[in-house]
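Participant: Positions 1 to 372 (full-length UniProt numbering) are the ones given, in order, by the sequence shown. Where is the CB? At the ideal position from N, CA and C, for every residue including glycine. Sharing a structure, written as structure tokens. Questions coming.
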Amino acid sequence: MVLMTDFVPALHPVVIGSLRNFFGRYLQAVRELGLDTSPAVQRGLPEFFLTLPTEEGSPPVILHGLLPAEDRYAPLKNKLDAQVKETGDERLRVILHPAAQRDALYQTFAQGGVTRYLHPDAMRALAELRLTWDGYGLLSGVLGWTHALAFLLGVLVLWGIDGFVVSLLAMLVWAAVVGLSYFVFSRLLVVPALQRRLAARRRAACARILADCQEVGRRPLSPRMAAELPAPVMDALSRLPGERPQAQDVLQRGEWWRAELWDLAHEAARGLAKVPESGPDFAARTRGTAALVGRIVQVFELDAASPGVVSPETAWRLDEAYTQVEAQAASLGYAAPLRPRSASPLPQAPFLTPVQPGPALTDPIPKEPHHD
């Protein structure tokens, strides 16, 4: 589930460059090892998650890699281990997790920060970012190459001085001068106002990529936010599981739908809690949120009632309920998760009872008491 107005914190331009280099080498390793030859093999590749800072400039950004357990991916794991050692940076940490740590990893995601799953298209887009010719890349490259050439030219000139010791001392002094010059001029890249202007293009490109990635590990409503919710919404939320459902297999897309629906219900409730009760659209948004959470509860109940083979009647009801979840979510500005399976509508369904519409909130909306 992706909120249509998701906010993506601006990353440091060096972090964006490190991500570009990391995924460029990773995808190259996948091609070299022949792990991109079939969908079945590709589905077993490692999954990557990016934990972003809560505000701009808060280090570090953490890239988590969840490794597969199958032996066929062992050579790729070795290459990733080597990449992690070379990607060490104070602004970007790369942590690889074995498959056995999956549950602990998701608990970490739920504890804080904003974590997004980097899907395959996002990884490829990051690897293909063109950073050399943007303002930050140009200035950084010019400074680096200018000082490198100045150092080499100085070494060639000073090499001809008579006396090895004198020549060596002269080269050391020249190296110190060039190094000090590079340090002083490279400080321009650290000036916040100039850095924002120079790195605007790469930051915008990276933000577009990350905005297309799903947020994971969302936390339930805090008690203070829950106190702002009207009773119909709280009643519907209380019929959902208290904890975010855990998927049984990280590689099967369909098994994430319960967790994503849980996310959608709580995100819609959190959005309602941010709307002032005195606002003109509060009542309409409350009706919509209560209806959306109620549909999600219905999907949960229907799915729980048929853990094995789904009967035609249940398949029909699931299809109807999920269709209404999608429509209700869209009306509130949210995108519902993709359906895990397609329940084909039957030609006739005499057993289907109409789904009752959401409650009409004509009376003042009761609110839960505040708890300080």
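Distance check for T146 and S167, CA to CA, integer angstroms please.
Facilitator: One C-alpha to the other measures close to 23 Å.
Participant: Strictly by DSSP, which residues pair up with H64?
Facilitator: F49, I95
Participant: According to DSSP, is residue 435 part of a helix, a strand, or is it coil?
Facilitator: Outside the shown range of the chain, which is 1 to 372, sits residue 435, and nothing can be said about it.
Participant: If you draw a straight line from the alpha carbon of A304 to that of A125, how long is it in whole angstroms?
Facilitator: Cα to Cα, the separation comes out at about 38 Å.
Participant: Please report how far the alpha carbon of H64 lies from the alpha carbon of E86, in whole angstroms.
Facilitator: 16 Å
Participant: With respect to the beta strand (DSSP E) encompassing L118, which residues constitute its N-terminal and C-terminal limits?
Facilitator: 114-118
Participant: Could you tell me the alpha carbon to alpha carbon distance between I16 and L153, rounded to whole angstroms?
Facilitator: 32 Å
Participant: List the whole-angstrom C-beta distance separating R295 from V325, where the pair is believed to meet the contact cut-off of C-beta under 8 Å.
Facilitator: So it is a contact: roughly 5 Å between Cβ atoms.
Participant: Whole angstroms are fine: how far does the CA of V293 sit from the CA of W262?
Facilitator: Taking the straight line from one Cα to the other gives about 9 Å.
Participant: Taking DSSP's pairing of strands, which residues face W216 in a bridge?
Facilitator: In the sequence as displayed, the identity of residue 216 is Val instead of Trp. T115, per the DSSP bridge assignment.
Participant: State the Cα-Cα distance for the pair E320 and L76, rounded to the nearest angstrom.
Facilitator: 43 Å
Participant: Within 10 Å of its beta-carbon, does P241 have 16 or more other beta-carbons around it, so buried, or fewer, so exposed?
Facilitator: exposed
Participant: Report yes if the C-beta distance between F22 and Q101 is below 8 Å; otherwise report no.
Facilitator: no
Participant: When you compare only the Cα positions, how much space is there between L229 and D212?
Facilitator: Whole-angstrom Cα-Cα distance: 29 Å.
Participant: Between A273 and M234, which are expected to be in contact by the criterion C-beta below 8 Å, what is the C-beta distance as a whole number of angstroms?
Facilitator: Actually they are not in contact, since the Cβ atoms of A273 and M234 sit about 10 Å apart, beyond 8 Å.
Participant: Using CA coordinates, which residue listed in G44, Y136, L33, V299 is at the minimum distance from L66?
Facilitator: Nearest Cα to L66 within the set G44, Y136, L33, V299: G44.
Participant: Between the region 31-50 and the region 111-123, do three or more beta carbon pairs fall short of 8 Å?
Facilitator: yes
Participant: Let me know if F351 comes out buried or exposed under the rule of 16 or more other beta-carbons within 10 Å of its beta-carbon.
Facilitator: Low confidence applies to F351: its pLDDT is 41, below 50, so where it sits in the model is not reliable enough to give any reading.
Participant: Have a look at A170, P245, Y334 and flag the residue whose alpha-carbon is nearest the alpha-carbon of G271.
Facilitator: Y334
Participant: With a 10 Å radius around its C-beta and 16 neighbouring C-beta atoms as the bar for buried, classify G288 as buried or exposed.
Facilitator: buried
Participant: Which first and last residues belong to the alpha helix (DSSP H) in which Q42 is found?
Facilitator: 39-43
Participant: Within 10 angstroms of the Cβ of V157, are there 16 or more other Cβ atoms? Answer buried if so, exposed if not.
Facilitator: exposed
Participant: Anyone know if the C-beta pair for L129 and A205 falls short of 8 Å?
Facilitator: The answer is yes: Cβ separation under 8 Å.
Participant: Return the residue from the list V297, L302, E260 that minimises the CA-CA distance to A336.
Facilitator: That would be E260, whose Cα lies nearest to the Cα of A336.
Participant: Does DSSP put A227 in a helix, in a strand, or in coil?
Facilitator: coil
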